[in-house]
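Residue numbers (my numbering): 30 to 283.
Note that CB positions come from ideal geometry on N, CA and C, so glycine has one too.
Structure record follows, encoded as structure tokens.
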Ligand code: CNA
């Protein structure tokens with residue numbers, strides 16, 4: 030097992046050395062070592078006992094009916110994310126960016142850990158909490174204002190019209206962001222990494238299948254092959270993300 034991983038790490042570092050255009054698609058698994066639970070991993074949010082189906086947290090129709098359900102989760106999520114630090118793998122991809130080989134980092138995450146690690150070319154395909162909007166009149170609220178409002182109101186409301194405020198996170202049932210740019214990057218990549226994603230959520234899960242170059246998947250745990258055919262994967266690493274990229278890093282620098 031150890032030999033297998035070392036061999037994959039060596040092959041992966043060779044592919045990085047010869048690549049000219051690298052793209053990363055990261056998912057919630059990228060941040061579990063930072064202490065942020067994922068959705069579908071063994072300790073994921075979807076596995077926890079909750080009174081209501083946890084998939085409803087990010088369901089736009091349910092948000093319209095019951096925004097408190099989302100805000101009860103989001104208030105805690107934002108608090109926990111503010112204090113966490115990026116993982117080794119976040120720093121690894123930030124340092125790759127310095128080599129000018131990275132076309133972009135497409136992340137499904139809303140934790141801003143890629144930016145905290147120093148990555149600049151980040152495409153938050155599922156949005157973020159940097160901005161929030163009134164769902165009625167569209168008034169924009171910056172991060173600090175919306176966080177402050179969340180502390181004083183169970184469900185933050187617009188100061189102008191009283192409408193419910195929603196962070197700029199893409200919910201199920203809404204359009205993702207930067208789709209065209211992400212598709213272009215996936216098509217141009219000669220090496221695409223899929224790291225810590227169950228590939229269960231479209232259209233993000235369709236992006237690796239658009240890559241004409243090599244595809245490396247690093248994910249320990251359940252993954253869907255509905256949108257990425259197994260035959261399109263050149264290297265499948267079922268290992269802890271940080272452990273694997275630590276090995277890759279030492280191969281790159283030795
Ligand atoms: P997911 O469906 O929860 O899948 C994560 C995958 O990563 C699972 O297969 C896990 O087994 C695997 N995994 C977890 N930890 C590790 C590890 N240390 N090493 C190797 N593999 C690991 O997450 P996806 O990103 O695929 O799902 C898309 C959703 C999750 C996006 O819309 C995100 O916004 C959403 N999400 C984001 C965060 C965040 O911002 N950190 C947290 C939770 C959910």
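| For residue 162: DSSP bridge partner residues | Numbered from its first residue, the chain shown carries residue 162 at position 133. The partner list for residue 162 (beta bridge, DSSP) reads 169 and 195.
| said: My parser needs the alpha helix (DSSP H) runs of 4 or more residues fully inside the region 234-259; what are they? | reply: 236-239
| request: Could you tell me which residues DSSP puts in a beta bridge with residue 147? | output: Position 118 of the chain shown holds residue 147. Residue 147 pairs with nothing; no bridge assigned.
| said: Is any non-hydrogen atom of the ligand CNA found closer than 8 Å to the C-beta of residue 103, if you look at the structure I gave you? | reply: In the chain shown, residue 103 corresponds to position 74, counting from 1. Residue 103 Cβ: outside cutoff for every heavy atom of the ligand CNA.
| Would you say residue 228 touches the ligand CNA, meaning its beta carbon is less than 8 Å from a heavy atom? | Walking along the chain shown from the start, residue 228 turns up at place 199. Yes, the ligand CNA has a heavy atom inside 8 Å of this Cβ.
| task | Determine, using beta-carbon pairs with one atom in the region 243-251 and one in the region 262-272, whether at least three such pairs fall under 8 Å. | result | Yes, since at least three Cβ pairs between the region 243-251 and the region 262-272 fall closer than 8 Å, the two stretches touch.
| said: Can you tell me where the beta strand (DSSP E) holding residue 55 begins and where it ends? | reply: Numbered from its first residue, the chain shown carries residue 55 at position 26. Note, residue 55: beta strand (DSSP E), 51-55.
| query | Are residue 227 and residue 56 closer than 9 Å when you measure CB to CB? | reply | The count along the chain shown starts at 1 and reaches residue 227 at position 198. The count along the chain shown starts at 1 and reaches residue 56 at position 27. Going by C-beta atoms, residue 227 is nearer than 9 Å to residue 56.
| query | Hey, out of 242, 64 and 164, whose CA is closest to residue 49's CA? | reply | Taking the chain shown and counting its residues from 1, one reaches residue 49 at position 20. When only C-alpha atoms are compared, the closest one is 242.
| task | Return the residue from the list 51, 261 and 205 that minimises the CA-CA distance to residue 121. | result | Residue numbering aside, residue 121 sits at position 92 when the chain shown is read from its first letter. If we check each option's Cα against that of residue 121, 51 comes out closest.
| task | Taking only heavy atoms of the ligand CNA into account, decide whether any of them is closer than 8 Å to the Cβ of residue 143. | result | Translated into the one-based positions of the chain shown, residue 143 becomes position 114. The answer is no for residue 143.
| query | Nearest-angstrom Cα distance between residue 278 and residue 42? | reply | For the purposes of this step, residue 278 is taken as the residue at position 249 of the chain shown. For the purposes of this step, residue 42 is taken as the residue at position 13 of the chain shown. Whole-angstrom Cα-Cα distance: 7 Å.
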